[in-house]
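So the protein sequences, as listed, match chains A and B.
Just so you know, we're using our numbering here: the first sequence kicks off at 7 and counts up by one.
Just so you know, we're using our numbering here: the second sequence kicks off at 222 and counts up by one.
Reading through the structure tokens given below for one structure.
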Amino acid sequence: MQVANGPDWTRPSIRLWRMRQAEVTAAGLIAALAAGILAGLAAGPGLGTGLAVAALVVAAVAAVFLRNRYRSWAYRERADDLLVSRGVLIRRVSVVPYGRMQFVEVTAGPVERWFRLATVQLHTAAAASDARIPGLERDEAARLRDRLATLGEAKAAGL
Amino acid sequence: MTSQQPQAEWHRLHPLSPLVQAGRLVAGLLSIFAVTIAQNPHGGNRARLPELIVAAVLAVAGVIKWLVTRWRLDGTTLRIETGLLRRDSKQLPVTRIQAVDVVRPFLARMLGLAELRIRLASSSDRADGRLAYLTEQQAATVRAMLLAAHHGLDPATPEPGERPVSRLPTGRLVAASLLWGGSGLLALGAAVAVADSQAPHLVLGLVGTLGVYAFGLAGATWRRISSAFGFTVAVSPDGIRIRRGLLGTVAETVPVRRIQAVSMSQPLLWRPFGWCRLQVDVAGHAGHEEGGHSLKKDLLPVGSRAEAVYLAQLALGHQAPATTRPPPRARIKAPLSYHFLAAGHDDQMAVAVTGRLTKTTVWIRLEKLQSVRYVQGPVQRRLGLASVHGDAAGRHTHVVFRDRDAAEAADLLGRLPSLSREARTDRDATFPP
């Protein structure tokens, strides 16, 4: 389905991609160093270098995958519901009516705080509803949270 | 305790309540007692001291709990107070009562007692009131009084009449439960037989392990029979009344407006007999975990298709929409379940059929949809297919338009939320919250 393309769709901050890059670079370097040193001490420098290079290649492949995944995130605020689109291999689009929201959660882990980002998650009475938007800039996250809370209250519907 | 003028005064629960509350513990303690005495018949009192202390503490705690618990019905509010150190006072406004259930565990039934569960129209079940235990007569009187007060009638008004709908014959229940458990036993038996022919020296160990499974399976089968024994469904103005139970009995009301979804399952072994099982998801009960605010309840433990369809219509208040099948190329993606796949919707309701061996049909009223999801995996994308999920409250049920044509699925994703919104507005206009 050709969705998530157009002026109505908002994307997460570019800093989410920087954060993913930083994560994958750090993980790749640590893995390469650890593999290189351990294998180098145990089996000689040839195997050590090989393993370190292998770890870096894996990290590079992961970075490509993560870039596509970062690009797949998008959300759209419509008059009555919120649309969230995500996924590369498995494409998902969720529609959550504002009236069905039970609460909105804004979380920011240590790495996200470092990049001044936050994740907004909508909870409905259904466990399967998965409307989560990562990598929002703090102001945008706060704006979205307030807007969703206001709309949720205005359109609230009982079970 | 006079049941004629009970409004103004405080009541205690029945004096035997602590005994029934501790019923299982007492049984457990007695069996421990029996074991210690059997092992050490001349051990004197010292050997039994720990058990005696535990029993005494439990007995005292139970009696104290009984002493400090009292309840009162003063016209518009039911008050229940309990707790010695931390006073817990519950006020249940009768106007918000949703249902009053009568639960009678085995021990209570032997003593002629019953528990009243007063369920409020709120989303947490911690707000529910429990009166455990009253005499059966008193429970019936209080129940009638609460319901009368709820409808703003004179407390002496008798309970509104019910229209019986279906009654489950014992033979069918036993046969169906045995088939259900029997299929598991058959699989275990086959495993043993295969093992016996392949590696006879391993069989002894295998039998021990499988014996445990068989035991568990037998227990589960027995629980199914005893909990659904004498299953009766009736319709009353408050909702659908269910009575069931062999040793302990339950009389409960399912409020129709709280029903989120209805599902019907037809296991493989039941199909020759045309039997199926109908369950409803009810919101606002037993939900402590996040998103788990719903409970699956049997509406028909085992019955004919016609009965199930009739009850489903009763619970949903709407005719089921016609279904269509996914395109034939979906067979490549879902070779084992394509034979059942079907789905459809109209402007009030959605229905979907899925399953490999067990055919499962799920109905949901569109106004109960919590969210709609479009999911397309890599194989589906290659074939131009996609699935659309409509989620009901809770973690049990969702209606899945599985492996539909991608364009149709995209259309559904756009249409279902707006249909749901319209259905909700219509409903709110007819039944103001």
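Cβ atoms here follow ideal geometry from the backbone N, Cα and C, with glycine treated the same way.
Pairwise C-beta distances place the region 71-88 of chain A in contact with the region 22-33 of chain A, as three or more of them are shorter than 8 Å. In the three-state reduction of the DSSP assignment, SER641(B) falls in the helix class, which pools H, G and I. Within the region 128-164 of chain A, the beta strand (DSSP E) runs of at least 3 residues that lie entirely inside it are, in chain order, 137-143. VAL596(B) is a Cβ neighbour of ALA607(B), given a cutoff of 8 Å. Sequence-distant partners of ALA61(A) (beyond 5 residues in either direction) whose C-beta falls short of 7 Å from its own C-beta, in its chain, are GLY34, ALA37, ALA38, ALA41.
Between SER447(B) and LEU467(B), the C-beta spacing is below 8 Å. PHE109(A) is bridged by DSSP to HIS129(A). Beyond the five residues adjoining it in sequence on each side, ASP322(B) comes within less than 6 Å, by CB distance, of ARG338, GLU473 in the same chain, given in chain order. With contacts defined by Cβ atoms closer than 8 Å, PRO103(A) and ARG648(B) do not form a contacting pair. With its beta carbon at least 8 Å from every one in chain A, VAL600(B) lies outside the interface. Judged by pairs of C-beta atoms under 8 Å, the region 134-151 of chain A does not touch the region 238-257 of chain B, as fewer than three such pairs exist. The continuous stretches of beta strand (DSSP E) do not include TRP79(A), and DSSP gives it neither H nor E. Annotation: the continuous beta strand (DSSP E) that includes ASP626(B) extends over 619-626. The beta carbons of ARG17(A) and PHE121(A) sit about 16 Å from each other, so the pair does not count as a contact at 8 Å.
In the structure shown, the three-state DSSP call for VAL94(A) is coil. Within the same chain, and ignoring the five residues on either side of VAL101(A) in sequence, the residues whose Cβ sits closer than 7 Å to its Cβ are ASP87, LEU89.
Within the same chain, Cβ atoms closer than 6 Å to the Cβ of GLY402(B) are found at LEU438, THR442, the five residues on either side in sequence being excluded.
A residue is called buried when at least 16 other Cβ atoms come within 10 angstroms of its Cβ; ALA365(B) meets this threshold and is buried. Annotated as distal: ALA455(B) and VAL523(B), with beta-carbon spacing of 8 Å or more. Close to chain B, meaning a Cβ-Cβ distance shorter than 8 Å, are the following residues of the region 87-109 of chain A: ASP87, LEU95, ILE96, ARG97, ARG98, VAL99, SER100, VAL101, VAL102, PRO103, GLY105, ARG106. For THR298(B) and GLN312(B), the gap between their C-alpha atoms comes out near 6 Å. When secondary structure is reduced to three states using DSSP, GLU230(B) falls in the coil class, being assigned neither helix nor strand.
Bounds of any beta strand (DSSP E) do not take in GLN359(B); it lies within the alpha helix (DSSP H) bounded by 357-371. Taking C-beta separations shorter than 6 Å and ignoring five residues to either side along the sequence, the partners of GLU111(A) in its chain run GLN127, following chain order. Where TYR559(B) is concerned, there is no enclosing beta strand (DSSP E), because DSSP gives it neither an H nor an E. Counting the other Cβ atoms within 10 Å of the Cβ of LEU520(B) gives 16 or more, which makes it buried. Contact between the region 551-558 of chain B and the region 493-501 of chain B is absent: fewer than 3 CB-CB pairs across the two stretches fall below 8 Å. Of all residues in the region 125-140 of chain A, only LEU128, HIS129, THR130, ALA131, ALA132, ALA133, ALA134, SER135, ASP136, ALA137 place a beta-carbon less than 9 Å from a beta-carbon of chain B. Distance from the Cα of GLN569(B) is smallest, within the candidate group GLY538(B), LEU407(B), TYR354(B), SER238(B), for GLY538(B).
Taking 8 Å as the threshold, the shortest C-beta distance from PRO638(B) to chain A falls below it.
At a cut-off of 8 Å between beta-carbon atoms, ALA155(A) makes no contact with chain B. For ALA160(A), not one C-beta of chain B is nearer than 8 Å to its own C-beta. DSSP places THR575(B) inside the beta strand (DSSP E), whose first and last residues are 570-575. Chain-order list of chain A residues neighbouring VAL278(B): empty, with the shortest C-beta distance near 40 Å, by a criterion of under 9 Å. Residue contact with chain A for ALA564(B): absent (no Cβ-Cβ distance below 8 Å to any residue of chain A).
Taking all protein chains in view, the Cβ of ILE461(B) is crowded by 16 or more other Cβ atoms within 10 Å, so the residue is classified as buried.
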